[in-house]
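Number of protein chains: 4
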Amino acid sequence: MATSTTAGTAGQRNHDTARLLVSCADGPGIVAAVTTFLADRGANIITSDQYSTDPEGGRFFLRLEFHLPGVGDALGELREAFDREVAQPRGMRFHINDASRPKRVAIMVSRYDHCLLDLLWRARRGELDMAIGLVVSNWPDLAAEVDRFDVPYEHVPVTRDTKPQAEAHELELMGGGAFDLIVLARYMQVLSADFLDRIGTPIINIHHSFLPAFAGAGPYERAKERGVKLIGATAHYVTEDLDEGPIIEQDVIRVNHRHTVEELTRMGADIERTVLARAVQWHCEDRILVHGNSTVVF
Amino acid sequence: MATSTTAGTAGQRNHDTARLLVSCADGPGIVAAVTTFLADRGANIITSDQYSTDPEGGRFFLRLEFHLPGVGDALGELREAFDREVAQPRGMRFHINDASRPKRVAIMVSRYDHCLLDLLWRARRGELDMAIGLVVSNWPDLAAEVDRFDVPYEHVPVTRDTKPQAEAHELELMGGGAFDLIVLARYMQVLSADFLDRIGTPIINIHHSFLPAFAGAGPYERAKERGVKLIGATAHYVTEDLDEGPIIEQDVIRVNHRHTVEELTRMGADIERTVLARAVQWHCEDRILVHGNSTVVF
Amino acid sequence: MATSTTAGTAGQRNHDTARLLVSCADGPGIVAAVTTFLADRGANIITSDQYSTDPEGGRFFLRLEFHLPGVGDALGELREAFDREVAQPRGMRFHINDASRPKRVAIMVSRYDHCLLDLLWRARRGELDMAIGLVVSNWPDLAAEVDRFDVPYEHVPVTRDTKPQAEAHELELMGGGAFDLIVLARYMQVLSADFLDRIGTPIINIHHSFLPAFAGAGPYERAKERGVKLIGATAHYVTEDLDEGPIIEQDVIRVNHRHTVEELTRMGADIERTVLARAVQWHCEDRILVHGNSTVVF
Amino acid sequence: MATSTTAGTAGQRNHDTARLLVSCADGPGIVAAVTTFLADRGANIITSDQYSTDPEGGRFFLRLEFHLPGVGDALGELREAFDREVAQPRGMRFHINDASRPKRVAIMVSRYDHCLLDLLWRARRGELDMAIGLVVSNWPDLAAEVDRFDVPYEHVPVTRDTKPQAEAHELELMGGGAFDLIVLARYMQVLSADFLDRIGTPIINIHHSFLPAFAGAGPYERAKERGVKLIGATAHYVTEDLDEGPIIEQDVIRVNHRHTVEELTRMGADIERTVLARAVQWHCEDRILVHGNSTVVF
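Chains as they are written, first to last, in my numbering: chain H, 326 to 623; chain U, 326 to 623; chain F, 326 to 623; chain A, 326 to 623.
Pasting the structure below:
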């Protein structure tokens, strides 16, 4: 199967591990209830991270990775029991995911290849725990490159007039739960509110500035004009407000007066691909919880 | 009292919080046992960090910060119960510390003032949760500066011949459990194995290189000679092997061919004070567990 | 004299060196003309930096540091000859400064001590080539601290009603060419356009965000709210447009969801003082040329 | 031609620019002599960098990039005139290179693909001013990957017994001035002193540690063992002393106790490819002068 080449190697699979993400109102006894539930079933907690915005009256977040032989086949039952015994009595929101199943990912891209190639290459070498199942582009340019990774490439042209039809086509290709994540790897079209409503899948975008500075178009040009001494990139979840969604990761690189806009663009590309790869990795490892318009990254 | 001026402000005290540090052989049920013990007593876990070198047969490390009204007065009882009910059955090593009591710290220094001043100043503004009770120096130079922070300054000269007597004097000044931590803030004398055996208090040193590069004397001179493009500093616990103890924190700064040894020394001083302050802060917040010759920093 | 204690040590003085800064329309032969002028007088160029926005029709910037025995006493004559022989024929703007004379600096501050103390320490150590001659504050709080450095402290209270009189007093204290540089070391009052017009001295401000993000008030609060993963600081020349002047230096530090606004403020303080110290150092070493609303830093 | 696809785009060529590199004993009048020589021929200096280890009795280094219509066709004549009029009288060593001619580069690699692919991508995008003409590997693994870039791939197996013959073959492939630079992109064989003597071409190696720490084999394993908080990579010119040649560039990334050796290896790979790309770029732009066992990078 096409996508198998981009998934991580079997040696990195954790066949008997799962991840539990919890958020709820903070209060005494939450961790004890959760960990006792798991201990009673023979699970061994491998890693645990938690955060509370305020021990009194705040919001509580928890991520547990646990080892439990055969957990992959017993997820449905485990979720049901956890919901009944632990989550419902405390009004928790939770997910339990099989850590051995790589996330199914679709990538949207326009003409710049650096973020796309970096993700394809990292997936192939097993760095990112995901299976890239599709690349969608409004340009045909990168088809041959993607073909080398045995990943299907769909060219969906978008013009002002055809945007509704194009998005309908994209929804067919990527909607309906076929993917766990969509990554905008320098996709230069704005997705409509309607598309975002209907896709039902989290979307990560890479913006080529350290937001909130230089939101919108032409960030490197504006960085040059303003004379900043650092340029950066920001990976964030996509919401209806352009460049305003919850920030997952950011990084910057030092620049100086000698750098032209063209050089800023080239240097920035290195930051973009690194920042995006980290954000995608964290999402695929179930490390991110959204809290209002911020993220908790464990 | 002299040291009171350097402790954090009362507003930052957590009067009803304590910290539990645990290390033991990994296995199922540890977290459940610990958190159930705390939940049964009405404690609310504020933060929790854990790490296992290997879920099967590895070493397990845990740090919990919990809120429990009146915990400061009930520490003895709590420790005893925890020891009996949780720790002994599982062969755990543990500490429970009152988070509201600042660590008592002594600083040893020679003639460079940058690390010393930075610690005194951070303590005064309440950044570091510690009370600096004494500064010991083999030089008299910095006495006036320290006096301004209302901290006692002891001048203990050290020569090759008087080193045993000097160390005996230092043991009197700083030994016997009078301090929770000793910080070598660019103290240029090597402490003897005998002193280290007898002091019974953890000691943090700042070394002016990114260890293991340039261990020993003259690191900036040797960095210039080798033509490295980064210089750094390392904070580590002191052991009998000079510059070989468990590393707590490191950082670096970019340099180039134009920088003279004098400039490297100046630029490095900024890294030294920052790295040392972080290491001291983490120690004072009970964030560091030593594992062999490494540290786990939560 | 009071300020002498904060100036660099004599050992670091370059008694026979001067610095030439040039900007002009780019074109062939500029460097040859300048360096031939200097060579003819027996000067040896120590360092040279140049930059052109565009070799054809762009703006050219040059900084030369040169060694010429006795140059300190011959500056007037040298400037006149350079103006006549080199600068006027090419429409150059230029400065020639005696590198052995530390810049005279006044600092304005409100109640936060971190930037002020860092500058005082660095000046005392001889790190910054300047003599701090005055500290002006709208609060009395830091008088004792400054007094320890033998620097005069002027308390000039500012209220909405008394602002014109206060600024008139500040102009008396710092105007008339008494200082080469004014540093706003977290001075929380906005200086009026009239003051800026009349002071006739460059002013460097430190803003506690990575501009253009979070210009204006409350940057750490807004950084927390937006959920950024980096916070920063920006040193810039002051212009009439608040937080819009030419940026000299910026830096950032990584933060995460766990950091409270109070912790962001504390971590940011370390970046603020470092960034400000670098900007002040570069200014004092005649390394900065303003180009439109940007800086060229050699 | 095969290599044309990896060279930069024509739009980035500077057809009328050349670069002059000079090193000599420092003394008055050098810059004036050089720049007057160029000005007399109508050249316009675009960028100029210089450095002196000591204005009195030190070593002087200069890099000039200048614009001179038709310089590409007049290099021989220009070199001869410069040698006669400027260089010989002052005992200068110098190079004048045509900035419009990309460097011809051969890459040696074993089985890790990250550094190789990164260089191929960057060259294809026109980021690096070079034409990759050959990849030599002691393994056949990466042949298909390299073939996609239309670059020849030579598999030269090396065993203990066949090393002399293998190196003879490599000399045939890469010697005789066919290349301007050889890059060891994680080539795991040690090149013999004899090979280095005879190849007559500079060689850049990437080592997977921040030298001088962890020179030799297994740096990530040793980094884990020592518990360092930063790992890094170093690009350096190859000399007969393994991992001891002049350092061109270094960088580091923060790690912690949670990272396994496998993760250090993966994170380090990102640093390795970035550091190597910078070093290769600087070499291809004639920015590096070797000074003893250090580098001056302009």
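No residue lacks a Cβ here, since even glycine has one placed at the ideal position from N, Cα and C.
Reference residue i, options the options, closest by Cα
i	options	result
residue 454/H	587/H, 549/H, 427/H, 432/H	427/H
residue 348/F	421/F, 479/F, 585/F, 493/F	421/F
residue 447/A	499/H, 592/H, 375/H	592/H
residue 538/A	548/A, 517/A, 614/A	548/A
residue 429/A	622/A, 619/A, 613/A, 605/A	605/A
residue 584/A	397/A, 552/A, 482/A, 374/A	552/A
residue 514/U	541/U, 525/U, 368/U, 419/U	541/U
residue 356/A	355/F, 360/F, 354/F	360/F
residue 620/U	562/U, 381/U, 365/U, 508/U	562/U
residue 362/H	397/H, 350/H, 529/H, 409/H	409/H
Helix, strand or coil at residue i [DSSP, three-state]
i	result
residue 585/A	coil
residue 340/F	coil
residue 405/A	helix
residue 420/H	strand
residue 365/F	helix
residue 378/H	coil
residue 612/H	coil
residue 345/H	strand
residue 388/A	strand
residue 436/U	coil
residue 604/U	helix
Any C-beta of chain H under 9 angstroms from that of residue i
i	result
residue 619/U	no
residue 529/U	no
residue 382/U	no
Residue-chain proximity (residue i, chain A), Cβ-Cβ < 9 angstroms
i	result
residue 511/H	no
residue 607/H	no
residue 376/F	yes
residue 281/F	Look at the range of chain F in this structure, 326 to 623, and you will see that residue 281/F is not part of it.
Residue-chain proximity (residue i, chain U), Cβ-Cβ < 9 angstroms
i	result
residue 392/H	yes
residue 327/A	Here the model assigns residue 327/A a pLDDT of 32, short of 50, so the residue's position is not dependable and the matter cannot be decided.
residue 442/F	yes
residue 566/H	no
residue 556/H	no
residue 388/F	no
residue 418/F	no
residue 370/H	yes
Environment of residue i [buried if 16+ CB atoms lie within 10 Å]
i	result
residue 490/A	exposed
residue 471/F	buried
residue 377/U	buried
residue 463/H	buried
residue 511/U	buried
residue 473/A	exposed
residue 544/H	buried
residue 617/H	exposed
residue 480/U	exposed
residue 487/U	exposed
residue 465/H	exposed
residue 395/U	exposed
residue 517/H	exposed
Any C-beta of chain B under 9 angstroms from that of residue i
i	result
residue 435/F	The structure shown contains no chain B; its protein chains are H, U, F and A.
Contact with chain F by residue i, beta-carbon distance below 9 angstroms
i	result
residue 464/U	no
residue 438/U	yes
residue 578/A	no
**Item:** Runs of alpha helix (DSSP H) lying entirely within the region 449-530 of chain U, each at least 4 residues, in chain order
**Value:** Listed in chain order, they are 468-472, 488-499, 518-524.
**Request:** Could I get the ranges of all uninterrupted alpha helix (DSSP H) runs contained in the region 540-600 of chain H, with 4 residues as the minimum, in chain order?
**Result:** As far as the region 540-600 of chain H is concerned, its whole alpha helix (DSSP H) runs of at least 4 residues are 544-551.
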